[in-house]
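Encoded as structure tokens, the structure appears first; notes follow it.
In the working numbering, the protein residues as written are 1 to 168.
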């Protein structure tokens, strides 16, 4: 099916500018929901919607922000034990880790400028403290329970049929 692509801001570079959540939308291009936010300077942008983010909530990006759902800040400013998503691997490159529906990473320690994260897969990863992350887990955790229903729907997703060798 034809889809229009929604440009999602994974970088969140507008520091110390409050943005208000206008609406939370379904995006056919990804498993998570996206939130349309309007900044103080009247510009609008899409961000990945975290769980429990509601219409009218205020989100902000920058180092002096509160540890609140939807706020983005550098990993070195985030307390140990916090759940984060949309984690950058290189500073200012944009979030690359924990972006799919229901995923998250947990800050578990600090070591010589690096922050240790435990991903939802169980993998431990050391990431530079200058990299940004957003507080909270990604929305739509029930995505994993969706039943495709038929072989054709699997094909729409680009998956080819698999044949068990035993059945040949």
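All C-beta atoms, glycine included, are put in the ideal place defined by N, C-alpha and C.
From the listed residues 161, 39, 113, 143, the smallest Cα separation to residue 127 is found for 113.
Residue 17 is positioned such that its CB atom lies closer than 8 angstroms to that of residue 39. At the C-beta level, residue 94 and residue 10 come within 8 angstroms of one another. With respect to the 8 angstroms criterion, residue 73 and residue 62 are classified as neighbours on the basis of their beta carbons.
Less than 8 angstroms separates the beta-carbon of residue 119 from that of residue 98. Only residues of its own chain outside the window of five on either side were considered, and among them 48, 101, 138, 139, 140 have a CB closer than 6 angstroms to the CB of residue 32, listed in chain order. Burial is judged here by how many other beta carbons sit within 10 angstroms of a residue's own beta carbon; residue 19 has at least 16 and is buried.
Taking residue 106 as the centre and dropping the five residues before and after it, the same chain places the C-beta of 81, 82, 83, 84, 117, 118 closer than 8 angstroms to its C-beta, in chain order. Between the alpha carbons of residue 2 and residue 77 lies a gap of roughly 42 angstroms. Looking at the backbone, the Cα of residue 121 and that of residue 59 are separated by about 27 angstroms. Judged by their CB atoms, residue 88 and residue 132 are nearer to each other than the 8 angstroms cut-off.
CA-CA distance, residue 53 to residue 6, rounds to 19 angstroms.
Along the length of the region 24 to 112, whole beta strand (DSSP E) runs at least 3 residues long occupy 34 to 39, 44 to 48, 72 to 74, 83 to 85, 95 to 97, 105 to 111, reported in chain order. Under a 10 Å Cβ-count criterion, residue 134 is classified as buried, with 16 or more other Cβ atoms of the shown protein chains found around its own Cβ. Judged by DSSP in its simplified three-state form, residue 151 adopts helix. Between the alpha carbons of residue 92 and residue 24 lies a distance of about 25 angstroms.
In the same chain as residue 124, and ignoring 5 residues on each side of it, the C-beta atoms closer than 8 angstroms to its own belong to 108, 116, 117, 118, in chain order.
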